[in-house]
Amino acid sequence: MEMVTLTINGQTVQAPKNSTILEAARSAGIYIPTLCYHPELAPEGACRLCVVEASGARSLVASCVYPVAEGMVVKTNTPKVRAARRMVVELLLANHPKDCLSCQKSGDCELQKIAADLGLRKIRFEGGARKAHTIDGSNPSLVRDQEKCILCGRCIRVCRDVQGMNVYSFANRGFDTIVSTAFELDLGQVACSFCGQCASVCPTGAIVERDDTEKVWDAINDPDKVVIVQTAPSVRVAIGEELGMEPGSIVTGKMVAALRHLGFDKVFDTDFSADLTIMEEGYEFIDRLQNGGVLPMITSCSPGWVNMIELKYPELLDHLSSAKSPQQMFGAVAKTYFAEKAGIDPAKIVSVSVMPCTAKKAEAARPEMCASGYRDVDIVITTRELGRMIREAGIDFKHLNEEQFDSPLGTGTGAGVIFGTTGGVMEAALRTVADVLTGENLPHVDYNEVRGMEYTREAELEIAGKKVKIAVVHTLKSAMAMMERVKNGTADYQFIEVMACPGGCIGGGGQPVPVNAEIRKLRREGLFDCDRANELRKSHENPEIIELYKTWLGKPLGEKAHSLLHTHYHQQIR
Amino acid sequence: MSFVERTCSCCGGENPEKARIDAILAKYAGVKGALIPILQEVQSLYNYLPKDALEYVAKQTGTPISQIYGVVTFYSQFHLNPRGRNIIRVCQGTACHVRGGKNILLALEKELGIKAGHTTDDLRFTLETVACIGACGLAPVMQVNEDTHGRLTPDKLPGILAKYQ
Numbered sequence: 114m115e116m117v118t119l120t121i122n123g124q125t126v127q128a129p130k131n132s133t134i135l136e137a138a139r140s141a142g143i144y145i146p147t148l149c150y151h152p153e154l155a156p157e158g159a160c161r162l163c164v165v166e167a168s169g170a171r172s173l174v175a176s177c178v179y180p181v182a183e184g185m186v187v188k189t190n191t192p193k194v195r196a197a198r199r200m201v202v203e204l205l206l207a208n209h210p211k212d213c214l215s216c217q218k219s220g221d222c223e224l225q226k227i228a229a230d231l232g233l234r235k236i237r238f239e240g241g242a243r244k245a246h247t248i249d250g251s252n253p254s255l256v257r258d259q260e261k262c263i264l265c266g267r268c269i270r271v272c273r274d275v276q277g278m279n280v281y282s283f284a285n286r287g288f289d290t291i292v293s294t295a296f297e298l299d300l301g302q303v304a305c306s307f308c309g310q311c312a313s314v315c316p317t318g319a320i321v322e323r324d325d326t327e328k329v330w331d332a333i334n335d336p337d338k339v340v341i342v343q344t345a346p347s348v349r350v351a352i353g354e355e356l357g358m359e360p361g362s363i364v365t366g367k368m369v370a371a372l373r374h375l376g377f378d379k380v381f382d383t384d385f386s387a388d389l390t391i392m393e394e395g396y397e398f399i400d401r402l403q404n405g406g407v408l409p410m411i412t413s414c415s416p417g418w419v420n421m422i423e424l425k426y427p428e429l430l431d432h433l434s435s436a437k438s439p440q441q442m443f444g445a446v447a448k449t450y451f452a453e454k455a456g457i458d459p460a461k462i463v464s465v466s467v468m469p470c471t472a473k474k475a476e477a478a479r480p481e482m483c484a485s486g487y488r489d490v491d492i493v494i495t496t497r498e499l500g501r502m503i504r505e506a507g508i509d510f511k512h513l514n515e516e517q518f519d520s521p522l523g524t525g526t527g528a529g530v531i532f533g534t535t536g537g538v539m540e541a542a543l544r545t546v547a548d549v550l551t552g553e554n555l556p557h558v559d560y561n562e563v564r565g566m567e568y569t570r571e572a573e574l575e576i577a578g579k580k581v582k583i584a585v586v587h588t589l590k591s592a593m594a595m596m597e598r599v600k601n602g603t604a605d606y607q608f609i610e611v612m613a614c615p616g617g618c619i620g621g622g623g624q625p626v627p628v629n630a631e632i633r634k635l636r637r638e639g640l641f642d643c644d645r646a647n648e649l650r651k652s653h654e655n656p657e658i659i660e661l662y663k664t665w666l667g668k669p670l671g672e673k674a675h676s677l678l679h680t681h682y683h684q685q686i687r
Numbered sequence: 159m160s161f162v163e164r165t166c167s168c169c170g171g172e173n174p175e176k177a178r179i180d181a182i183l184a185k186y187a188g189v190k191g192a193l194i195p196i197l198q199e200v201q202s203l204y205n206y207l208p209k210d211a212l213e214y215v216a217k218q219t220g221t222p223i224s225q226i227y228g229v230v231t232f233y234s235q236f237h238l239n240p241r242g243r244n245i246i247r248v249c250q251g252t253a254c255h256v257r258g259g260k261n262i263l264l265a266l267e268k269e270l271g272i273k274a275g276h277t278t279d280d281l282r283f284t285l286e287t288v289a290c291i292g293a294c295g296l297a298p299v300m301q302v303n304e305d306t307h308g309r310l311t312p313d314k315l316p317g318i319l320a321k322y323q
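Chains as they are written, first to last, in my numbering: chain C, 114 to 687; chain L, 159 to 323.
Put into structure tokens, the structure is as follows:
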């Protein structure tokens, strides 16, 4: 790589020839504030917050798009630069609601932080009235408030370039410019997967998860209700981060303790039902493989992905595993098996789940998710919302003593916990499928072939003397490319895992912000550490799962399992 | 019912409008940057851009509908609502402003029962404002279709409008 040498704030910096001033500065540990810039998205140069003085330029330049040059002299902290930055932020704030104290994004808002960093004490300008926009709360997952939008365009870019969904665009012109869906329809009326990546990159409170914490408090405070909670695999490596700990911290035991402090009657683990999903999905795969079923079979536990295929590739729905996601399987088992076992009227159970995901809220709300006669899952909150509840309750999370999940839906294997990362569902399935097909207890559990962070990965494995070709994709854009291949017959795989979000659930739309590749990697390592530390590495070895089948469900793909644990998909027209 | 599925109301066959849009799309097939000319030609079919026509263009060209909406709302030449048979452009430029252009606009709004930027229910008139039409000597002025009417007073308006059906 050709390098150039430049000077930033008197410091000599080497940077690749094609890099920007911002990249060169950050690599040298020099901080330049940004708003529209996002390290994982194409730079836009829209907000002008990152302006610097650069030799050879007539005026201040936007460092996020301005390329470095040999011998360039850059100053990031001069009176002129500071005055320009303050002006940019003052003008943004002139049109921004001043309701920080009661804003859902307060504390995580990048605009708020920058205004504080710049020491703005007075906003000299008052903006003209911006066209009033109603708040879009048309769907179970995401809420948009246009008043808080600063037109940075990150949501447009992540939805277009990473997810390929193209839900948003800039509309209108000049002062009337807004970020808009087609025809300014609500998100619930356009082809949106509810993955929440827009909320994850939004620097302000303009796109946030729908906050359902009040519903959870109400349920907990209702003496007639038995409130149970399940926690998704990836929450245990992210909730600590939300509460001020290092990214990737494994806080399973503290999380369980915190949930009990909040007042949940039973604290269960979605890892348990991830293992259950592997039993059903694994046996479904073997059945398809041996009996000429539709292949490649594609995983169905990522609801953003399921929304996408129902919206864009309805002709491929037969490829989806009919197994419900772990969240929904948990709910179905909780209001039947657990209710029976504990002698509780299922009508009194409020089933709450803590998920890394905004699309899970929409999944739980699907009308068909009530095979037991009751809603599988009543309330879904994201990792961020759980963080909010723990803070509201004044729980000193870092210093909590570790506690154990309740039984009988609280034991999960290493296979269950890696569901939270890209490749994890595939790896978990392979562990069980290989044992079932060989009839042995194979020592091989680490399928390094399917691990990694590349958006599309594939491997050919030998399982029980048979060659099995598999693929793993994450992000919806990569999933679309894979679906095109399935359509034109060039995807000669037997099994494909798809997760909607970058990195899988660890990078989910409901996870702590900000997030980047490094943070996702740390969360993922946390999950693999949990897997390695677990004596049980295979779903079919989970004693609670064995007990469940033995005493209640019968066999995988059996009649009871079919009615409770499997679902069907249908085209969505939005 | 989507645009493509809609059948001809007289013969029950394929929507003839679809064939007209297909002809436009065929003309620009494979041409990069053709969205704006396509939209212009589709608009010339209807005088505005119906939602389902845009959805059809999006589908056929593989352009995201959100992006098409962005383009259509950016340029003032594109219209998302039906336009009247007669387009009134009332000048609000400097010269017209000082000679009472605002009163002309208000009188037109009252006469037609619509605000600027809107179309009467019977699709007879669309009322728009412009910044200058280069006829300052005749201020205050308005154009109806291609005709320019100058030295306007509110009481002259009903007589002028009556000429346009």
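Heads up, the beta-carbon is just placed ideally off N, CA and C, and yes, glycines get one too. Just so you know, these numbers come straight off a predicted model, no measurement behind them.
Check: Name the residue from C:GLU203, C:ILE422, C:LYS579 whose alpha carbon lies nearest to the alpha carbon of C:LEU231.; Outcome: C:GLU203
Check: Buried or exposed: L:MET300, going by 16 or more other Cβ atoms within 10 Å of its Cβ?; Outcome: buried
Check: Looking only at its chain, what residues have a beta carbon closer than 7 Å to the beta carbon of L:PRO312, apart from the 5 residues adjacent to it on each side?; Outcome: ASN261, ILE262, ALA265
Check: Could you pull the DSSP bridge partners for C:ASP212 from this structure?; Outcome: Answer is none; C:ASP212 lacks a bridge partner.
Check: Rounded to the nearest angstrom, how far is the Cβ of C:LEU173 from that of C:TYR150, given a contact under 8 Å?; Outcome: Rounded, the Cβ-Cβ distance is 15 Å, inconsistent with contact.
Check: Could one say the Cβ of L:PRO222 lies closer than 7 Å to chain C's Cβ atoms, at least one of them?; Outcome: yes
Check: Cβ of L:PHE236 less than 7 Å from any chain C Cβ?; Outcome: no
Check: Given a threshold of 16 other Cβ atoms within 10 Å of its Cβ, counted over all protein chains shown, does C:VAL694 qualify as buried or as exposed?; Outcome: The requested residue 694 of chain C is not part of the displayed model; chain C covers only 114 to 687.
Check: Identify every run of the alpha helix (DSSP H) within the region 382 to 423 of chain C, keeping only runs that are complete inside it and at least 4 residues long; order them along the chain.; Outcome: 383 to 403
Check: Please compile the residues from chain L whose C-beta is within a distance smaller than 9 Å of the C-beta of C:SER306.; Outcome: Here the premise fails: no neighbours, minimum Cβ distance about 14 Å.
Check: What residue does the beta strand (DSSP E) around L:LYS273 start on, and which one ends it?; Outcome: No beta strand (DSSP E) holds L:LYS273; DSSP gives it neither H nor E.
Check: Look at the alpha carbon of C:ASP337 and the alpha carbon of C:LYS461, and state the distance between them as a whole number of angstroms.; Outcome: 7 Å
Check: Closest to C:CYS207 by C-alpha separation, out of C:ASN190, C:ILE457, C:ILE236, C:ARG645, would be which residue?; Outcome: Position check: residue 207 of chain C holds Ala in this sequence, whereas Cys was assumed. Cα-wise, what sits closest to C:ALA207 is C:ILE236.
Check: Using a beta-carbon distance cut-off of less than 7 Å, what residues from the region 196 to 219 of chain L approach chain C?; Outcome: LYS209
Check: Sorted by chain position, which residues of the same chain lie with C-beta nearer than 6 Å to C:ARG564's C-beta, five sequence neighbours on each side aside?; Outcome: GLY536
Check: Using a Cβ-Cβ distance cut-off of 7 Å, determine whether C:THR294 contacts chain L.; Outcome: yes
Check: How should C:GLU394 be labelled, buried or exposed, when 16 other C-beta atoms within 10 angstroms of its C-beta is the threshold for buried?; Outcome: buried
Check: Are there 16 or more other CB atoms within 10 angstroms of the CB of C:VAL407, so buried, or fewer, so exposed?; Outcome: exposed
Check: With a threshold of 7 Å between beta carbons, is L:PHE283 in contact with chain C?; Outcome: no
Check: Along the alpha helix (DSSP H) that carries C:ARG199, what are the first and last residues, could you check?; Outcome: 192 to 207
Check: Is the separation between the beta-carbon of C:LEU661 and that of C:ALA484 shorter than 7 Å?; Outcome: no
Check: Sort C:PHE608, C:HIS587, C:ILE503 by Cα distance to C:GLY277 and report the nearest one.; Outcome: C:HIS587
Check: Count the other CB atoms within 10 Å of the CB of C:GLY620; is the residue buried (16 or more) or exposed (fewer)?; Outcome: buried
Check: Can you list, in chain order, the residues of its chain with a C-beta nearer than 7 Å to that of C:CYS315? Leave out the 5 residues immediately preceding and following it.; Outcome: ARG267, CYS268
Check: Is C:ASN554 buried or exposed, if buried means 16 or more other CB atoms sit within 10 Å of its CB?; Outcome: exposed
Check: Assign L:ILE246 to one of two classes, buried (16 or more other C-beta atoms within 10 Å of its C-beta) or exposed (fewer than that).; Outcome: buried
Check: Give the interface partners of C:ASN285 over in chain L, defined as CB-CB distance under 9 Å, in chain order.; Outcome: GLY228, THR231, PHE232
Check: 7 Å is my cut-off, CB to CB: does L:MET159 come that close to chain C?; Outcome: Caution is warranted here: a pLDDT of 49 is assigned to L:MET159, below 50, making its placement in the model unreliable, and the coordinate value is therefore given only provisionally. Not closer than 7 Å to any Cβ of chain C, the Cβ of L:MET159 fails to qualify, so no.
Check: Beta carbon of C:VAL340, beta carbon of C:PHE377: below 7 Å?; Outcome: yes
Check: From L:LEU285 to C:TYR426, what does the alpha carbon distance come to, in whole angstroms?; Outcome: 44 Å
Check: Would you grab the beta carbon distance between L:GLY308 and L:LEU296 for me? Rounded to a whole angstrom, and I think it's under 8 Å.; Outcome: 3 Å
Check: Which residues does DSSP list as the beta-bridge partners of C:GLN343?; Outcome: C:PHE381, C:SER466
Check: Among the candidates C:LEU670, C:MET593, C:LEU574, C:GLY616, whose CA atom is the shortest distance from the CA of C:PHE608?; Outcome: C:LEU574
Check: Is C:HIS683 helix, strand or coil when you go by DSSP?; Outcome: coil
Check: Output yes if chain L places a C-beta closer than 7 Å to the C-beta of C:TYR606; else output no.; Outcome: no
Check: Interface residues of chain C around L:GLN225 at Cβ under 7 Å?; Outcome: ASN279, SER282
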